Each structure stands twice: as C-alpha cells, then as structure tokens.
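Engineer: Have a look at this one before I ask anything.
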Amino acid sequence: MMRTYNLGVFKWMMIVIGLWAVCMLLSTKAHAATPVNYYVSVDGNDGNTGLGPEPSKALRYIQTAANKTNPGDTVYIMNGTYWDNGSPILTITRSGTANAYITYKAYPGHTPILRVSQGAWNHIMVKGASYINIEGLEIYGWSENLSNTEAQSYENTNTLGNIGKFNTNGISIVKNSDVSPTVYATHINVRNNKVHHAPGQGIGAMDADYINISGNTVYNNCWFSAYAQSGISINHSRNTDSNTGYKIFISGNRVYGNQANYKWQGQNKYSDGNGIIIDDNKNLLIGGTPYTGKTIVENNISYSNGGSGINIFSSQYVYVNNNTTYANSQSPHLDYAEIMGNESSNVYVVNNIMYANGETVSKANDANGVPIPSVYFNSNIFYNGAILKTGTGNLTADPLFTNLSLRNFHLQSTSPAINSGDNTYSASLDFDGVSRPVGGIVDRGAYEYH
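In my numbering, the protein residues as written are 254 to 703.
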C-alpha cells in the first residue's frame with residue numbers, strides 16, 4: 254500500500270532540520286574563531302592535549318603545538334632547553350589573519366632556550382606563513398662548540414657552505430617554494446628575543462614583506478657562515494601589494510659582536526658580518542622587481558661588529574634615523590663604514606651618532622667608487638674616523654657617552670647630541686621608550702637625554 258505524508262508536517266520537518274544545520278554551522282564557526290592557548294614544556298608529552306601548563310597537559314615539542322594552530326592561537330613555551338633533531342626546532346607554515354595573529358612566546362616569567370646541535374640550518378624558520386608573532390625567546394647557537402680548524406679545512410676545499418652546523422641561522426623568514434604558486438611570508442613580528450652564537454645569521458628575512466624586527470638583542474652571530482651573513486638581515490624584499498608606505502621596521506635592537514670570519518663561498522672573498530643590513534631591495538642581483546615600500550631603521554644600538562654598524566646596500570627608500578653605532582668594522586679583512594649606503598638611492602641617514610674606531614665613519618659610493626648624491630647624511634654626529642660622505646647639519650665631535658667601557662651609550666648632560674637633531678626625521682620614542690623630543694628638539698642617537 255502506498256504511504257502518504259502530510260505535506261505540512263514534511264515542510265515543518267525540513268524547516269527544523271534546516272534551522273538545526275544553521276545552528277550547528279554557526280556553533281562550529283564560533284568555536285573555530287575562539288583563540289586557543291597551547292603550552293609546551295620539556296616535561297610535557299605529545300600525547301597530551303597541550304591545553305594547560307601542567308606536565309599532564311602540556312605538549313613536549315614546539316613543532317607539535319605549531320601543527321595544531323589556527324588564527325588567533327598562542328603557543329606558550331615554558332622553561333627548559335629545546336634541542337633540534339637535525340631539523341629546525343620550529344618550522345612555521347600555518348598563518349594567522351590580519352585580526353588574529355598566531356603567536357609563539359615565552360610563558361610569563363619563563364626563559365626558554367632553543368638550541369641546535371645536530372646540524373639543522375635554522376633554529377626557527379617561518380616558511381611562507383603570514384601574521385605571525387615570535388616573542389621573548391632565547392636562541393642560543395652552537396658556535397662556541399665548533400672548531401675553527403675543521404671550518405678552515407672545509408673552506409680550503411670550498412665546501413664550508415655545504416655543512417649545516419657551520420651555517421645554522423637563528424630566526425629565518427623565507428618564502429615557501431615547495432608549493433605552487435610560491436607563497437611569500439608577510440606581516441611577521443620578531444620582538445624582544447635574544448639571539449646569539451648562531452653560526453649563520455641572527456635574524457633574517459628574504460623575499461618577504463611587512464616585517465617588524467624590534468627590541469631584540471642579537472650578538473656573536475655569523476662567525477662561521479660561508480654565506481656573508483649579518484646580525485639582522487633584510488634581503489631582497491618582496492612587493493606583495495602596491496602599498497608604498499612604511500612596511501619594514503628594524504627598531505630598538507641592540508646588535509653587537511657579529512662577524513663573518515670565513516669567506517663568502519659564492520664570491521671567494523670576505524664580506525658582511527654587519528650589525529644590520531638592508532641588502533639589495535632593488536633586487537638587481539636576482540633580476541627581480543625593485544621593492545617600492547619604505548624601510549625604517551631607527552633607535553638601534555650597533556657596535557663592535559665585523560662589518561658596518563648599519564649597511565644599506567643596493568637598496569632604495571630606506572630611512573636610517575636616531576641610531577647609535579660604535580667601533581664597527583672590526584674584521585681585519587674589511588674597511589666598512591659605521592653607516593654605509595653603497596649602490597643605493599633615496600636613502601636618508603639622519604640624527605645618528607657614528608663613533609668609529611679610527612676607520613671609516615660614513616660612506617655611500619656607486620659601483621665605481623663615486624659618491625652617490627641621493628644618499629643623504631644629514632644632522633648626524635661623526636667622530637674618530639674618515640668621513641667619506643656628508644651633507645647638511647652634521648657635527649664632528651665627541652658625543653660624550655656616559656660610559657664607553659660599559660657600553661653605556663646614554664648621553665652626558667653636555668653632549669652635543671642633545672637638542673640638535675632634525676625633528677622631521679625623529680623617531681617618536683627612544684631606545685628606552687622615552688617620548689621624543691624632550692626640550693622641543695630631538696637629540697641625535699638612540700637615546701633622548703632626560
């Protein structure tokens with residue numbers, strides 16, 4: 254017998270089912286949008302949920318937590334030393350969003366340490382991810398345990414660059430070319446970390462956009478690398494949109510003791526080991542499109558590096574303001590300036606203090622050694638070295654630091670840097686976070702006297 258259904262009842266059933274489906278969808282979306290905190294501990298276990306700091310809940314490996322993240326999530330890393338297994342301790346490929354960054358940070362009150370001893374090429378690698386924060390971590394490289402004799406033997410056979418343990422980087426931000434189309438890293442904040450004794454670069458970004466490297470202490474890196482690395486490096490910046498405003502920020506970092514002691518394998522010459530470098534954002538060396546965003550390098554303290562304190566090479570639209578550099582070009586193989594702008598254009602070097610160690614203070618030449626007119630050195634203080642590039646409003650004088658032997662670069666009350674800068678190019682805060690200007694006119698250098 255054919256069954257018949259009441260059409261009205263059937264319609265009501267469909268409405269109820271539809272409403273249930275909508276509610277479930279909204280509930281799922283709401284749940285997905287709720288930020289999750291993951292916890293990692295050396296006493297944890299990857300079989301745990303990771304949803305609490307207790308050993309019974311925390312995960313064991315940072316990478317395990319990273320593989321669970323979604324936009325808005327935070328990975329808290331607790332006390333202890335986290336070692337590699339031949340691969341980076343953390344490879345970040347999952348992205349946040351503009352309103353929901355994914356954050357990797359030290360658990361409050363903790364000081365976790367990340368160390369590579371098994372030949373991984375990076376401690377942390379951001380690979381094509383976007384909207385990422387990396388905060389409050391210590392990257393402690395393996396340089397103190399490496400042999401100069403062994404490194405020299407590899408350099409003698411032109412193979413030093415093939416050995417991971419001699420080239421391990423601290424934090425690297427790179428594109429992901431393992432997928433098609435290639436994905437470029439953007440909107441990455443690297444803040445308040447300590448990165449030291451990495452055989453390769455300290456902190457670097459290549460083929461990336463919207464990068465903020467601020468408040469870090471970066472020292473004693475790139476001693477063994479065969480790739481002409483530096484403490485903080487921005488290489489071949491990438492236009493990911495048409496915005497020509499400020500997009501790359503290098504600010505408030507203390508950078509020292511970075512030096513490239515071995516030859517650049519590709520060029521068979523000594524090079525770099527700078528405190529900070531903005532490297533070829535014109536992209537001439539790779540035949541690419543010039544970067545049209547602005548880069549600002551401000552309020553950094555860069556001293557006792559092998560190359561320049563701050564090096565702007567083959568780049569454009571770079572603003573170098575209110576930095577303090579001291580006694581750079583320590584490498585016996587190089588004669589770099591405290592601040593240098595070779596083969597660059599539309600670079601503004603303003604309100605800085607450049608205190609040399611008897612070497613070169615300032616330089617901005619083209620490939621033929623001719624000074625470049627569109628690299629502007631204005632309202633700086635030069636001292637104790639050859640001035641090969643100058644401009645308007647510069648002073649040649651002892652800046653009168655508080656205590657050079659202790660590397661205290663605060664200004665004495667009689668310093669000529671006080672109230673003598675150019676407010677047009679002033680950083681709004683100084684290295685200590687003090688508002689500028691005090692007294693109406695900005696001071697030169699990274700510190701505002703107060």
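Even glycine gets a Cβ: it sits at the ideal position worked out from N, Cα and C.
This structure is a prediction, so every number in the text was calculated from the model and none was measured.
1) If you count every other CB in all the chains shown that lies within 10 Å of the CB of Ser-309, and 16 or more means buried, which is it?
2) Please state whether DSSP places Gln-482 in a helix, a strand or coil.
3) Quick one: measure Cβ to Cβ for Tyr-515 and Phe-477, integer angstroms, because I've assumed they're closer than 8 Å.
4) In the structure shown, what three-state DSSP assignment does Ser-406 receive?
5) If you pair each beta-carbon of the region 548-560 with each one of the region 623-631, do three or more pairs fall below 8 Å?
6) What did DSSP end up calling Asn-332 once you bin it into helix, strand or coil?
7) Quick check: is the beta carbon of Thr-356 nearer than 8 Å to any beta carbon in chain D?
8) Could you tell me whether the Cβ atoms of Ser-495 and Ala-513 are closer together than 8 Å?
9) Based on DSSP bridge pairs, tell me the residues matched to Pro-624.
10) Is there contact here, the region 291-298 with the region 316-323, by at least three beta-carbon pairs under 8 Å?
11) Would you kindly work out how many angstroms separate the C-alpha atoms of Thr-346 and Cys-475, rounded to a whole number?
12) Can you look up Ser-713 in the DSSP assignment and give me helix, strand or coil?
13) Put Phe-419 into one of helix, strand or coil per three-state DSSP.
14) In whole angstroms, what is the alpha-carbon distance linking Ile-392 and Ala-461?
15) Taking the alpha helix (DSSP H) that Ile-315 belongs to, which residues open and close that run?
16) Are three or more beta carbon pairs between the region 608-617 and the region 581-592 nearer than 8 Å?
17) At the level of alpha carbons, what is the spacing between Ala-670 and Ile-549?
18) Classify Asn-637 as helix, strand or coil using the three-state DSSP reduction.
19) Taking only three categories from DSSP, how would you classify Ser-598?
20) Mapping the DSSP letters down to three states, classify Ser-705 as helix, strand or coil.
21) With 16 as the cutoff for other CB atoms within 10 Å, does Gly-303 come out buried or exposed?
22) With distance defined between alpha-carbon atoms, name the residue in Gly-594, Gly-646, Ser-598, Ser-582 nearest to Gly-638.
23) For Leu-312, which three-state DSSP category applies?
24) Starting from Tyr-523, trace the beta strand (DSSP E) in both directions and tell me its first and last residue.
25) Counting only the same chain and skipping the five closest in sequence on each side, list residues whose C-beta sits under 6 Å from that of Thr-774.
26) What number of angstroms, rounded off, separates the C-alpha of Val-443 from the C-alpha of Ile-466?
27) To the nearest angstrom, how far is it from the Cα of Arg-368 to the Cα of Gly-394?
28) Can you give me the C-alpha to C-alpha distance between Gly-674 and Ala-286, rounded to a whole angstrom?
29) How far does the beta strand (DSSP E) with Phe-684 in it extend, from its first residue to its last?
30) Taking 6 Å as the limit between beta carbons, can you name the residues of its chain near Glu-408, skipping five residues before and five after?
31) Tell me the rounded alpha-carbon separation between Val-602 and Tyr-572.
32) Count the other CB atoms, across all protein chains shown, that sit within 10 Å of the CB of Ala-373; report buried if there are 16 or more and exposed otherwise.
33) Can you tell me the Cα-Cα spacing of Arg-313 and Asp-299, whole angstroms?
34) In terms of alpha-carbon separation, which member of Ala-311, Gly-305, Pro-288 lies closest to Gly-297?
35) First and last residue of the beta strand (DSSP E) that includes Glu-388?
36) For Gly-414, does the three-state DSSP call read helix, strand or coil?
Structural biologist: Taking the definition as stated:
1) exposed
2) coil
3) 6 Å
4) helix
5) no
6) coil
7) No chain D appears in this structure, which consists of one protein chain only.
8) No, Cβ-Cβ distance for Ser-495 and Ala-513 is not below 8 Å.
9) Under DSSP, Pro-624 shares a beta bridge with Asn-618.
10) yes
11) 25 Å
12) Residue 713 lies beyond the stretch modelled for the chain, which goes from 254 to 703, so this question has no answer here.
13) helix
14) 21 Å
15) 315-319
16) yes
17) 21 Å
18) It is coil, neither helix nor strand.
19) strand
20) Residue 705 falls outside the range modelled here, since the chain spans only 254 to 703, and no answer is possible.
21) buried
22) Check the Cα spacing between Gly-638 and each of Gly-594, Gly-646, Ser-598, Ser-582: the tightest is with Ser-582.
23) strand
24) Element bounds for Tyr-523: n/a, residue is neither H nor E.
25) Look at the range of the chain in this structure, 254 to 703, and you will see that residue 774 is not part of it.
26) 5 Å
27) 6 Å
28) CA-to-CA, the gap between Gly-674 and Ala-286 works out to about 47 Å.
29) Where Phe-684 is concerned, there is no enclosing beta strand (DSSP E), because DSSP gives it neither an H nor an E.
30) Tyr-515
31) 6 Å
32) buried
33) 5 Å
34) Ala-311
35) 383-388
36) helix
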